[in-house]
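Scroll down for the structure; my scribbles are underneath it.
Protein chains: 2
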Amino acid sequence: MTLPPPVPKSGCPNCILVGRGLCGFLFDIGLDQPFPDLPPISQKQVEFAARRTIFHRNQVLDGVPVICDGWAAATIKLSDGSRQILSFILPGELVTSRLVFESQLDVSIDSITNGSYRSFDRKQLRAAIDRSPQTFDRIMSAYSTESRRADQLITALGRRSAVERVAGLLVDLWDRLDRLGKIEGDSIEFPLRQTHIADATGLTTVYVNKVLAEFRNDGLIDISDRHLQILDMTQLQRQVN
Amino acid sequence: MTLPPPVPKSGCPNCILVGRGLCGFLFDIGLDQPFPDLPPISQKQVEFAARRTIFHRNQVLDGVPVICDGWAAATIKLSDGSRQILSFILPGELVTSRLVFESQLDVSIDSITNGSYRSFDRKQLRAAIDRSPQTFDRIMSAYSTESRRADQLITALGRRSAVERVAGLLVDLWDRLDRLGKIEGDSIEFPLRQTHIADATGLTTVYVNKVLAEFRNDGLIDISDRHLQILDMTQLQRQVN
DNA sequence: CGTAAAATTGAGCTGTCTCAATCAATGTGG
DNA sequence: CCACATTGATTGAGACAGCTCAATTTTACG
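First to last, the sequence lines map onto chains A and B.
Under the numbering used here, the first residue of the first sequence carries the number 588, and numbering increases by one thereafter.
Under the numbering used here, the first residue of the second sequence carries the number 588, and numbering increases by one thereafter.
Structure representation (structure tokens):
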């Protein structure tokens with residue numbers, strides 16, 4: 588039985604490559620089913636620490652990285668030191684679909700928590716895509732999701748108030764983790780610092796703090812112990828629009 | 588000689604399908620060269636008037652539209668009546684690359700000028716992509732460009748001042764038209780109303796007006812007769828950051 | 001030539017920022 | 001396991017970029 592490459596059974600609880608995980612992206616591209624359909628991938632799993640830039644702008648990558656574990660963010664850094672978060676990357680998700688088709692990164696990828704990633708070999712992944720139209724469709728649907736999310740963010744930053752943006756972000760993250768099957772009782776893991784929220788919503792940490800305090804005082808949310816609880820989803824949704 | 592389908596020689600000066608045009612997208616995907624490589628397309632060219640919604644949110648399209656002539660914008664409309672412009676679509680450009688892989692539109696496409704579009708049949712376009720990896724690559728590069736531009740817009744809206752956003756937009760449009768070979772002497776066609784600039788930059792028409800007045804007073808630009816002249820590109824670039 | 005759409009200008013207002021100080025939490029070396 | 005060091009959260013006071021409202025002028029067009 589030498590068919591499936593020897594894969595370590597530990598260290599990647601979210602990744603479908605190891606046991607029955609919850610890796611959203613790999614599910615998405617349909618690689619969970621018939622195991623032999625898996626494209627060959629580079630097996631090395633790389634650990635990263637929290638609050639580091641794990642891939643740099645302009646870096647050239649031969650692999651297409653998928654976050655196995657932990658949270659990260661795609662960011663653009665401005666010359667004045669400020670930073671815009673373009674997207675949050677949750678455990679199991681593809682770092683950015685552009686890397687399936689391009690090798691040079693034009694954004695930075697910053698880790699939020701510590702965690703790990705694995706890289707697909709781009710050529711082999713592309714070959715797998717060529718082989719299977721279904722896989723192709725699923726990659727493209729991952730792309731569509733990314734792109735739709737970018738459009739929503741543009742709209743939020745351009746036309747929505749601070750309260751709307753923050754509420755929208757919380758609801759959005761909740762929904763995404765829900766779809767990944769990652770609701771833990773009545774709360775979700777929430778490793779974001781107020782800085783992350785600020786950089787994602789185009790606000791200041793000081794102001795984010797005030798908005799969150801308002802939500803907390805109104806009994807809409809509770810953030811503690813790196814977990815977010817949405818106490819009144821209806822009311823929070825109402826803040827969004 | 589029945590090989591090339593009978594294509595009317597008029598009404599689509601930018602589109603490579605008719606004569607030696609400048610259709611950026613079709614150039615991009617490599618369909619200008621060996622004429623027989625053209626995927627079959629629906630030949631009907633559709634005219635549209637200025638200031639209309641030409642494709643509606645949630646509309647299902649069998650075709651993948653390319654703007655032959657005129658300017659349009661992808662927009663999202665909020666319930667309070669405000670609007671965010673996600674991207675400007677210039678003559679010759681693909682409306683949105685998402686439509687190559689999906690049939691349902693989740694944004695509106697509003698015309699700015701009058702103009703026309705043609706639609707590729709999605710199935711046939713996909714077949715052409717499957718046939719030619721090069722065509723595939725070029726479609727994906729069109730996608731990358733779109734996506735990169737979205738990232739830049741997010742950054743502008745999240746972290747840049749009004750002056751920076753407006754200056755950035757002007758420079759960006761100038762560069763895009765330059766790449767399309769559409770600089771006319773020392774100016775470019777500029778059909779945008781101040782409303783469009785406001786909706787693209789997340790500002791108010793009143794404030795856009797003040798920023799433009801400042802640029803004009805400082806001798807950086809001149810907008811008149813639906814044309815934009817950049818009188819001091821260096822200085823204008825410097826506004827962007 | 002009249003009418004509608006777009007641009008311009010002014011006055012005042014407010015959402016969000018800056019600066020600054022304090023407090024809480026988290027992590028680290030000894 | 002403590003004491004310190006660092007990072008993050010909170011709060012207040014004041015400032016200002018960009019908004020609203022409203023009136024007027026200019027431009028475009030049938």
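Beta carbons are placed, not taken as given, at the ideal position from N, Cα and C, and that holds for glycine.
{"Asked": "Span of the alpha helix (DSSP H), counted from its first residue to its last, around P720 (chain A)", "Found": "720-746"}
{"Asked": "Span of the beta strand (DSSP E), counted from its first residue to its last, around F707 (chain A)", "Found": "702-708"}
{"Asked": "Chain B within 8 Å of S669 (chain A), Cβ atoms only", "Found": "yes"}
{"Asked": "Whole-angstrom distance between A660 (chain B) and T742 (chain B), CA atom to CA atom", "Found": "19 Å"}
{"Asked": "F635 (chain B) versus I726 (chain A): straight-line alpha-carbon distance, rounded", "Found": "34 Å"}
{"Asked": "Assigned exposure category for R670 (chain B) - 16 Cβ within 10 Å defines buried", "Found": "buried"}
{"Asked": "Residue interval of the alpha helix (DSSP H) (run including G755 (chain A))", "Found": "749-766"}
{"Asked": "Boundaries (first-last residue) of the alpha helix (DSSP H) holding D786 (chain A)", "Found": "781-788"}
{"Asked": "Reduced DSSP secondary structure (H/G/I, E/B, other) of L815 (chain A)", "Found": "strand"}
{"Asked": "Host beta strand (DSSP E) of E680 (chain A) (start-end)", "Found": "Where E680 (chain A) is concerned, there is no enclosing beta strand (DSSP E), given that its DSSP letter is neither H nor E."}
{"Asked": "Within 9 Å of chain B by C-beta, residues of the region 683-706 of chain A in sequence order", "Found": "T683, S684, R685, V687, F688, E689, D693, V694"}
{"Asked": "Sub-8 Å separation of D786 (chain A) and I672 (chain A) beta-carbons", "Found": "yes"}
{"Asked": "Cβ separation of L712 (chain A) and S774 (chain A), assumed to be a contact under 8 Å, to the nearest whole Å", "Found": "With a Cβ gap of about 35 Å, L712 (chain A) and S774 (chain A) do not count as contacting."}
{"Asked": "Cβ pair V647 (chain A), S706 (chain A) closer than 8 Å", "Found": "no"}
{"Asked": "Bridge-paired residues (DSSP) for Q646 (chain A)", "Found": "In the DSSP output, where bridge partners are listed per residue, Q646 (chain A) has none listed."}
{"Asked": "Given Q826 (chain B) as reference, the closest of B:D812, B:L807, B:S811, B:R813 once Cα atoms are compared", "Found": "B:L807"}
{"Asked": "Short-range partners of chain B found in the region 728-742 of chain A, where Cβ spacing is below 9 Å", "Found": "S728, Y730, S731, E733, S734, R735, A737, D738, Q739, L740, I741, T742"}
{"Asked": "Alpha-carbon spacing of L757 (chain B) relative to I784 (chain B), whole angstroms", "Found": "9 Å"}
{"Asked": "Test item: CB-CB of A729 (chain A) and S690 (chain A) under 8 Å", "Found": "no"}
{"Asked": "Neighbour flag for I663 (chain A) against chain B, beta carbons, 8 Å", "Found": "yes"}
{"Asked": "Straight-line Cα distance separating A749 (chain B) from N828 (chain B)", "Found": "12 Å"}
{"Asked": "Test: R766 (chain B) CB closer than 8 Å to a CB of chain A", "Found": "no"}
{"Asked": "Proximity winner among A:I770, A:V694, A:S666, relative to I817 (chain A) (alpha-carbon distances)", "Found": "A:I770"}
{"Asked": "E776 (chain B) - partner residues in DSSP beta bridges", "Found": "B:H814"}
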